[in-house]
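One structure is given here, and the rest of the page talks about it.
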Amino acid sequence: MELDFHGDVASLDAELLQLGEVSPFAIKANPCVAVKLFDQWLSLPETNSLVKSLLNNAKGVGPVNVAGTSSGTNAVASNTLPSMFPAGSTPPLSPRSSSVSPRHTKQRGPSAFRSPLKLVNEPVKEHIPQFYFLNGRPPPNELKERCLFRINQFFYGHVDGLQMHEFKPVTKEICKLPAFFSAALFRKIDTDCSGIVTRDAFVDYWINGNMLTKDVATQIYMILKQPDVRYLAQDDFKPVLRELLTTHPGLEFLQSTPEFQERYAETVIYRIFYYVNRAGNGRLSLRELKRSNLIAAMQHADEEEDINKVLRYFSYEHFYVIYCKFWELDTDHDFLIDKENLIRYGNHALTYRIVDRIFSQVPRKFTSKVEGKMGYEDFVYFILSEEDKSSEPSLEYWFKCIDLDGNGIITRNEMQFFYEEQLHRMECMAQEPVLFEDILCQIVDMVFPEDDSYFTLRDLKGSKLSGSVFNILFNLNKFMAFETRDPFLIRQERENPTLTEWDRFAHREYIRLSMEEDVEEASNGSQDVWDESLEAPF
Numbered sequence: 002m003e004l005d006f007h008g009d010v011a012s013l014d015a016e017l018l019q020l021g022e023v024s025p026f027a028i029k030a031n032p033c034v035a036v037k038l039f040d041q042w043l044s045l046p047e048t049n050s051l052v053k054s055l056l057n058n059a060k061g062v063g064p065v066n067v068a069g070t071s072s073g074t075n076a077v078a079s080n081t082l083p084s085m086f087p088a089g090s091t092p093p094l095s096p097r098s099s100s101v102s103p104r105h106t107k108q109r110g111p112s113a114f115r116s117p118l119k120l121v122n123e124p125v126k127e128h129i130p131q132f133y134f135l136n137g138r139p140p141p142n143e144l145k146e147r148c149l150f151r152i153n154q155f156f157y158g159h160v161d162g163l164q165m166h167e168f169k170p171v172t173k174e175i176c177k178l179p180a181f182f183s184a185a186l187f188r189k190i191d192t193d194c195s196g197i198v199t200r201d202a203f204v205d206y207w208i209n210g211n212m213l214t215k216d217v218a219t220q221i222y223m224i225l226k227q228p229d230v231r232y233l234a235q236d237d238f239k240p241v242l243r244e245l246l247t248t249h250p251g252l253e254f255l256q257s258t259p260e261f262q263e264r265y266a267e268t269v270i271y272r273i274f275y276y277v278n279r280a281g282n283g284r285l286s287l288r289e290l291k292r293s294n295l296i297a298a299m300q301h302a303d304e305e306e307d308i309n310k311v312l313r314y315f316s317y318e319h320f321y322v323i324y325c326k327f328w329e330l331d332t333d334h335d336f337l338i339d340k341e342n343l344i345r346y347g348n349h350a351l352t353y354r355i356v357d358r359i360f361s362q363v364p365r366k367f368t369s370k371v372e373g374k375m376g377y378e379d380f381v382y383f384i385l386s387e388e389d390k391s392s393e394p395s396l397e398y399w400f401k402c403i404d405l406d407g408n409g410i411i412t413r414n415e416m417q418f419f420y421e422e423q424l425h426r427m428e429c430m431a432q433e434p435v436l437f438e439d440i441l442c443q444i445v446d447m448v449f450p451e452d453d454s455y456f457t458l459r460d461l462k463g464s465k466l467s468g469s470v471f472n473i474l475f476n477l478n479k480f481m482a483f484e485t486r487d488p489f490l491i492r493q494e495r496e497n498p499t500l501t502e503w504d505r506f507a508h509r510e511y512i513r514l515s516m517e518e519d520v521e522e523a524s525n526g527s528q529d530v531w532d533e534s535l536e537a538p539f
């Protein structure tokens with residue numbers, strides 16, 4: 002439809018402004034007509050009255066009457082007001098501010114005191130559920146009820162509570178913890194040392210304390226740690242190991258030798274901190290505990306009757322090998338060894354230079370208080386590092402030894418310094434010496450460092466042959482074994498890929514030590530028979 006217009010717009014009657022259906026194409030073709038019509042509408046008295054009314058109501062003076070729904074002057078004005086839009090097609094007012102955040106533009110309903118067209122500028126508060134709980138997330142009601150039902154079953158008939166020897170089923174069945182944590186958990190709840198744990202006391206600690214919803218690592222951490230600290234010390238594990246030694250069937254034979262019970266517990270603790278406490282500060286954090294395999298090893302020890310099958314941390318055979326190796330070197334049996342003692346380790350396998358670095362306490366500060374002496378704990382760290390150079394603690398231990406200036410990289414000169422003694426020992430043993438230049442090329446091919454001019458700890462951790470690199474530099478026996486590569490050992494590694502170098506070493510040494518002990522006992526037995534025959538009367 003085309004709109005033809007001629008004449009003065011101002012002479013139009015107000016009634017004529019109530020236009021019928023007008024094609025938008027007609028308005029688009031004659032935009033000046035729409036502008037003049039709008040100007041004419043604004044000049045009407047009724048329009049002036051409406052605009053003032055809207056402004057006053059926008060300021061909150063009174064209710065807004067746009068469509069003539071209320072009585073009075075406004076109603077009259079609206080009834081006589083010409084409209085540019087068809088009935089029922091009035092567009093909504095635009096928002097007052099375009100800078101308001103979408104999450105705050107939600108309008109409230111009409112109020113007796115405010116206009117329904119007035120937008121609320123106050124931010125709308127959204128309910129965000131609690132996501133942090135100081136003492137852990139409370140258990141769901143269903144889980145809580147199930148747990149309470151089980152607790153009532155175990156405490157039924159024990160009005161006064163449970164004693165320590167009765168508490169183990171609660172630890173196993175309700176808390177789902179290893180049985181040897183029973184005594185530690187009992188003492189954690191029985192703060193008054195009354196020897197009794199009541200039902201209410203257990204519910205208050207386990208359910209109301211939100212222990213029920215924590216993971217196993219956090220539960221063990223909370224049970225073992227001391228109040229007001231955020232780490233586990235070595236002494237925190239002693240009660241658990243005492244309980245293990247008392248109750249585990251695979252360790253019953255040690256009950257007649259308390260001194261070896263103590264040594265076994267110490268060795269297990271030293272092994273735990275060697276592998277788990279990666280910071281090396283003697284303070285085992287919850288994060289370190291969660292990232293380790295210690296919880297799985299504890300559960301394995303609780304389920305397995307043969308303690309020697311628990312290769313991680315708890316194997317008695319592994320303890321036996323470590324202790325016997327230390328006892329062989331400690332000739333005066335003062336439980337301390339010096340450089341001359343350590344140089345005999347592995348049939349004089351180590352060089353003097355690497356032993357000097359160990360006793361300079363660069364890789365690890367000695368716990369021994371005697372100058373120039375290594376204690377049992379220090380020896381445990383040494384033998385674990387020496388016999389399994391594939392582990393990260395071992396790589397870090399030996400990297401610090403070779404890094405003479407402590408700048409975080411191993412240079413060609415530093416490697417040559419240690420290899421010189423190896424080369425001299427090969428010459429003394431009438432073996433064909435391997436020049437350092439050839440060794441260096443071999444090491445580069447084994448490690449593939451990012452920069453061929455030096456090696457970083459990251460380079461060594463990324464190679465499976467890094468342990469052999471250290472053997473080349475300061476352990477002649479293992480260097481020669483690597484060069485020959487016994488096919489039997491290679492086949493063993495392929496058959497049992499889950500076993501570590503330490504597992505294989507400990508197994509071989511335990512067999513050797515057992516055979517030597519059997520021979521010694523047989524020799525002593527035959528000597529006793531000979532002595533008895535000499536003493537017998539003719």
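The sequence shown runs 2 to 539 under the numbering used here.
For glycine and all other residues, C-beta sits at the position ideal for the given N, C-alpha and C.
(request) Name the two residues that bound the continuous alpha helix (DSSP H) containing F437. (result) Position 436 of the sequence shown, counted from the first residue, corresponds to residue 437. It spans F437 to V448 - the alpha helix (DSSP H) in which F437 sits, taken as one unbroken run.
(request) Provide the residue span of the alpha helix (DSSP H) that contains F471, from first to last. (result) Numbered from its first residue, the sequence shown carries residue 471 at position 470. Run containing F471: S467 to F475, per the alpha helix (DSSP H) assignment.
(request) Return the chain-ordered list of same chain residues with a C-beta closer than 6 Å to the C-beta of T352, the five sequence neighbours on each side being excluded. (result) Locating residue 352 in the sequence shown gives position 351, counting from the first residue. E422 and F475.
(request) Mind checking which residues open and close the beta strand (DSSP E) that includes F456? (result) By one-based count along the sequence shown, residue 456 stands at place 455. Y455 to T457 is the extent of the beta strand (DSSP E) around F456.
(message) Taking 8 Å as the threshold (beta carbon to beta carbon), is H301 in contact with chain B?
(response) Of the protein chains in this structure there is only one, and it is not chain B.
(request) Return the bridge partner residues of L351 from the DSSP annotation. (result) Position 350 of the sequence shown, counted from the first residue, corresponds to residue 351. DSSP output for L351 lists N476 as bridge partner(s).
(request) List the DSSP bridge partners of M375. (result) Working through the sequence shown from its first residue, we reach residue 375 at position 374. Beta-bridge pairing links M375 to I338.
(message) I need the straight-line Cα distance from D603 to A180, nearest angstrom please.
(response) Summary: the structure shown does not reach residue 603, with the chain confined to residues 2 through 539, and so no result is reported for it.
(message) Closest to I540 by C-alpha separation, out of L233, F400 and K60, would be which residue?
(response) Given a span of 2 to 539 for the chain in the structure shown, any question on residue 540 remains unanswerable.
(message) Suppose you measure from the CA of Q300 to the CA of A218; what does that come to, to the nearest Å?
(response) Walking along the sequence shown from the start, residue 300 turns up at place 299. Walking along the sequence shown from the start, residue 218 turns up at place 217. The alpha-carbon atoms of Q300 and A218 are separated by roughly 11 Å.
(request) Would you mind sorting S524 into buried or exposed? The rule is 16 or more other CB atoms within 10 Å of its CB. (result) On the sequence shown, position 523 is the one that residue 524 refers to. With fewer than 16 other Cβ atoms within 10 Å, it is exposed.
(message) Please return the same chain residues whose Cβ sits closer than 8 Å to the Cβ of V520, not counting the five positions on each side in sequence.
(response) Your numbering for residue 520 matches position 519 in the sequence shown. Cβ within range, chain order: n/a, list empty.
(request) Please name the residue, chosen from N209, G196, P124 and K173, that lies closest to P141 on a Cα-to-Cα basis. (result) Counting from one through the sequence shown, the residue named residue 141 turns up at place 140. The option with the nearest alpha carbon to P141 is N209.
(message) Given a cut-off of 8 Å on the beta-carbon distance, is the pair R147 and N211 in contact?
(response) Translated into the one-based positions of the sequence shown, residue 147 becomes position 146. Translated into the one-based positions of the sequence shown, residue 211 becomes position 210. Result no, Cβ atoms of R147 and N211 do not sit closer than 8 Å.
(request) Consult DSSP for I410 and reduce its assignment to one of helix, strand or coil. (result) Along the sequence shown, one-based indexing puts residue 410 at 409. Residue state for I410 is assigned as strand, using DSSP reduced to three classes.
(message) Considering only their Cβ atoms, is the gap separating S469 from F483 smaller than 8 Å?
(response) Within the sequence shown, the letter at position 482 stands for residue 483. Within the sequence shown, the letter at position 468 stands for residue 469. Going by C-beta atoms, F483 is nearer than 8 Å to S469.
(message) Using the three-state DSSP reduction, which class does A523 fall into: helix, strand or coil?
(response) As a working note, residue 523 is residue 522 in the sequence shown. Assigned with DSSP and collapsed to three states, A523 falls in helix.
(request) Could you check if K366 is buried or exposed, using at least 16 other CB atoms within 10 Å of its CB as the buried criterion? (result) Here residue 366 corresponds to residue number 365 of the sequence shown, with the count starting at 1. With fewer than 16 other Cβ atoms within 10 Å, it is exposed.
(request) Could you name each continuous alpha helix (DSSP H) segment of 4 residues or more that falls completely within the segment 161 to 221, going from the start of the chain to the end? (result) Listed in chain order, the complete alpha helix (DSSP H) runs (minimum 4 residues) inside the segment 161 to 221 are 183 to 190 and 200 to 207.
(request) State the beta-bridge partners of L233 as determined by DSSP. (result) If you number the sequence shown from 1, residue 233 lands on position 232. Answer is L285, bridged to L233.
(request) In the DSSP assignment, find the unbroken alpha helix (DSSP H) run with P140 in it and report its ends. (result) As a working note, residue 140 is residue 139 in the sequence shown. Judged by DSSP secondary structure, P140 falls outside any alpha helix (DSSP H); it is assigned neither H nor E.
(message) Taking only three categories from DSSP, how would you classify N75?
(response) Residue mapping note: residue 75 aligns to position 74 of the sequence shown, counting from 1. A caution first: N75 carries a pLDDT of 45, below 50, which makes its placement in the model too unreliable to give a value.
(message) To the nearest angstrom, how far is the alpha carbon of Q227 from that of I221?
(response) Position 226 of the sequence shown, counting from 1, holds the residue named residue 227. Position 220 of the sequence shown, counting from 1, holds the residue named residue 221. Cα to Cα, Q227 sits roughly 12 Å from I221.
(request) Express the C-alpha separation of V363 and E522 in angstroms, rounding to a whole number. (result) As a position in the sequence shown, residue 522 is number 521, starting the count at 1. As a position in the sequence shown, residue 363 is number 362, starting the count at 1. Near 42 Å, if we compare the C-alpha coordinates of V363 and E522.
(request) With DSSP collapsed to three states, give me the class of P259. (result) To locate residue 259, count along the sequence shown from 1; it is residue 258. P259 falls in the helix class under three-state DSSP.
(message) Here's a check: name, in chain order, each residue in its chain whose Cβ is nearer than 7 Å to the Cβ of N294, leaving out the five neighbours to either side.
(response) As a first step, residue 294 must be located in the sequence shown, where it is residue number 293. Cβ neighbours of N294 beyond the five flanking positions: R313.
(request) Compare the Cα-Cα distances from C442 to each of Q432, D453, F506 and E433 and report the closest residue. (result) In the sequence shown, the residue the question calls residue 442 occupies position 441. Closest option to C442, Cα to Cα, is D453.
(message) According to DSSP, is A431 part of a helix, a strand, or is it coil?
(response) Along the sequence shown, one-based indexing puts residue 431 at 430. It is coil, neither helix nor strand.
(request) Take V448 as the anchor and find which of F419, L477, S391 and V171 has the nearest alpha-carbon. (result) Counting from one through the sequence shown, the residue named residue 448 turns up at place 447. Across the set F419, L477, S391 and V171, the C-alpha of S391 shows the shortest separation from the C-alpha of V448.
(message) Can you tell me whether K370 is buried or exposed? The criterion is at least 16 other CB atoms within 10 Å of its CB, across all chains shown.
(response) What you label residue 370 is simply residue 369 of the sequence shown in a count that begins at 1. With a 10 Å radius around the Cβ and a threshold of 16 neighbouring Cβ atoms, K370 comes out exposed.
(message) I believe E510 touches V322 by the beta-carbon criterion, under 8 Å. Please report the beta-carbon distance rounded to the nearest angstrom.
(response) Here the question's residue 510 lines up with position 509 in the sequence shown. Here the question's residue 322 lines up with position 321 in the sequence shown. At roughly 5 Å, the Cβ-Cβ gap stays under 8 Å, so E510 and V322 are in contact.
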